[in-house]
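Colleague:
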Amino acid sequence: MVSVELVLLTLLVFFVMAAVVMLGVTAVAAWVTARLATNALALVRPVVLGPTDIRDVELRVAGLRALDHVDAGVVTAVVPERRRGRRGLDRLSLTDGVRFDLALATPDDRTARLWVPFPNQLTGDSRLERVAAACGVFPDEISDAVGTELPLVRGADGRWRVAETRPRDYHTEFGDRATETEWA
């Protein structure tokens, strides 16, 4: 009786494994067939451009040309955001910062994003303070930057950077804000 059960169990395992293998082979065959059919249709099918396709190309080229002359963007949103580091162990940790969404004056209405990490302390030379100074606002009122124009420089890697501006001396230009009290 035991040998009959072992034979049935062995047959059951064999049929289950065969079904899994057949399912895998069928999936691979279907994928290969779909890829071959797509490539064959691409070779046979003529390329047809719609009536607006050439305008889209011209608009995109005009947008690329206009990017060379963009020197500022208008801040449309200031959003708190956490990001992971780019290298090494920094990839495991999250860094708090602020993302600035910028509207660029191009024919295709491009946007740029600028992310600035929170500084450990306000030294007058942190990146957040430089961006706030370029927007004409104080770092503790960074949400007031929405609607202001931010001077930009496009780097060789295609990323946008804030044009260097001299940070404000908050104590001399606007009085000692550290001792002022704001009442709500």
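Read left to right, the sequence shown gives residues 1 to 184 (full-length UniProt numbering).
Ideal Cβ positions, reconstructed from N, Cα and C, are used throughout, including at glycine.
1) Check residue 137 in the structure and name its three-state DSSP category.
2) Going along the chain, which residues of its own chain have a beta-carbon closer than 6 Å to the beta-carbon of residue 137, five neighbours each way excluded?
3) Taking the runs of the alpha helix (DSSP H) that are 4 residues or longer, which of them lie wholly in the region 94-148?
4) How should residue 147 be labelled, buried or exposed, when 16 other C-beta atoms within 10 angstroms of its C-beta is the threshold for buried?
5) Here's the rule I'm using: 16 or more other beta-carbon atoms within 10 Å means buried, otherwise exposed. How should residue 139 be labelled?
6) Does DSSP put residue 85 in a helix, in a strand, or in coil?
7) Are the beta-carbon atoms of residue 105 and residue 76 separated by less than 8 Å?
8) Give the range of the alpha helix (DSSP H) segment to which residue 159 is assigned.
9) Determine the burial state of residue 132: buried for a count of at least 16 other Cβ atoms within 10 Å of its Cβ, exposed for fewer.
10) Taking 8 Å as the threshold (C-beta atoms), are residue 122 and residue 135 in contact?
Modeller: Considering the structure as presented:
1) Reduced to three states, the DSSP call for residue 137 is coil.
2) The residues are 144 and 145.
3) As far as the region 94-148 is concerned, its whole alpha helix (DSSP H) runs of at least 4 residues are 127-135.
4) Exposed.
5) With 16 or more neighbouring CB atoms inside 10 Å of its own CB, residue 139 falls in the buried class.
6) For residue 85, the three-state secondary structure derived from DSSP is coil.
7) Not closer than 8 Å, so no.
8) From DSSP, residue 159 is part of no alpha helix (DSSP H); its letter is neither H nor E.
9) Classification of residue 132: buried, given that the 10 Å Cβ count is 16 or more.
10) No, these two residues do not count as a Cβ contact at 8 Å.
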